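Asks:
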Amino acid sequence: METIDFDRITLTPGMRVLDVGCGEGRHVHAAALENVREVVGVDIGRENLTAAREDYDEYIAPETDVPVTFAAGDALRLPFEDGAFDVVCCTEVLEHIPDYESALDELRRVCKPGGTLAVSVPREGPERICWALSEEYHQVEGGHVRIFDRDELRAAIERRGFRRIDDHFAHALHVPYWWLKCLWWDRDRRGEAPLPLRAYDRFLEWDVLESPRPVRLLERALDPLLGKSVVYYFELEGPA
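Mind the numbering: the sequence shown is residues -11 to 228 in this note's numbering, read in order.
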């Protein structure tokens, strides 16, 4: 399930792509199937990196010659030189970081002038309902520490020399799942999820695996109204 739409980014064979907070590698895998020079995924969780590498080796490596590296690292101290990457992605990460402004500084530092930054965070409206339904949702270890106002986030990124080139919403069909999960948070944690939550979870798994066109079209229609994530694309101003 990808949040960044690589069709909205101009990718060329000489580009290096970085995914900060890559998790289990969904965007690294997607970028590796594009016509780029190299893809790097960084995450603070070693288990995530292991899963990302295993999935890459099994499903992606047979389909591409693009070199892929997975590395342990902190978004506040990225282990790369200034301007090392043409495309920098950071999806559903900043809401977990208390000092997100310092993380933005690092994203800007490693992005090449003229390069692209793609960032997503949970959308304010659906996220506020999750917080209202369950305190535990945002109080678990490593959970969400803030709700972003999307205009405030955009302004914070633009202050660092970026210019917005595109934006959209994503994952509308995941919003009801998270509302149900928050509503029955304690029961779900005890392994006693009610039937509606279990049924919706199975529906989402089916959707991810099969990607049926009618469901994709439905979600695309619902995204502007109900999309769970807001996705921004920026260009770092300056000579390429």
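Don't be surprised by glycine CBs; every beta carbon is placed ideally from N, CA and C. Nothing here was measured: the structure is a model prediction, and the numbers come from that model.
Apart from the five residues on each side of it in sequence, which residues of its chain come closer than 7 Å, Cβ to Cβ, to K169?
Replies: If we look at K169 and ignore the five residues flanking it on each side, its Cβ neighbours are D176 and L185.
Asks: Of the choices R201, P164, R152 and V28, whose alpha-carbon is the least far from that of D74?
Replies: The shortest C-alpha separation from D74 is found at V28.
Asks: Report yes if the C-beta distance between V98 and L66 is below 8 Å; otherwise report no.
Replies: It is a contact, given that the beta carbons lie within the stated cut-off.
Asks: Let me know the secondary structure DSSP gives H84 once reduced to three states.
Replies: Reduced to three states, the DSSP call for H84 is helix.
Asks: By the three-class DSSP mapping on this structure, what secondary structure does V76 have?
Replies: Three-state DSSP puts V76 in a strand.
Asks: Can you find the residues in the same chain that come closer than 6 Å, C-beta to C-beta, to V5, ignoring five residues on each side of it along the sequence?
Replies: Taken in chain order, the residues that qualify are A19, V24, V27 and V75.
Asks: Would you be able to state if there are at least three C-beta pairs under 8 Å between the stretch 109 to 122 and the stretch 133 to 151?
Replies: Contact between the stretch 133 to 151 and the stretch 109 to 122 is present, because at least three Cβ pairs lie under 8 Å.
Asks: Can you list, in chain order, the stretches of the alpha helix (DSSP H) that have 4 or more residues and sit fully within the stretch 115 to 175?
Replies: Correct list: 123 to 127, 138 to 146 and 163 to 171.
Asks: Cα-Cα, which of T52, R14, L206 and V8 is closest to I32?
Replies: That would be V8, whose Cα lies nearest to the Cα of I32.
Asks: Check whether the Cβ atoms of P101 and L224 lie closer than 8 Å to each other.
Replies: Against a cut-off of 8 Å, the Cβ pair of L224 and P101 comes out as a contact.
Asks: With T315 as the anchor, note down where its beta strand (DSSP E) starts and where it stops.
Replies: What is shown of the chain runs -11 to 228, which leaves residue 315 out entirely.
Asks: With distances taken between CB atoms, is the gap from A144 to E94 smaller than 8 Å?
Replies: Their beta carbons are not under 8 Å apart, which means A144 does not touch E94 by this criterion.
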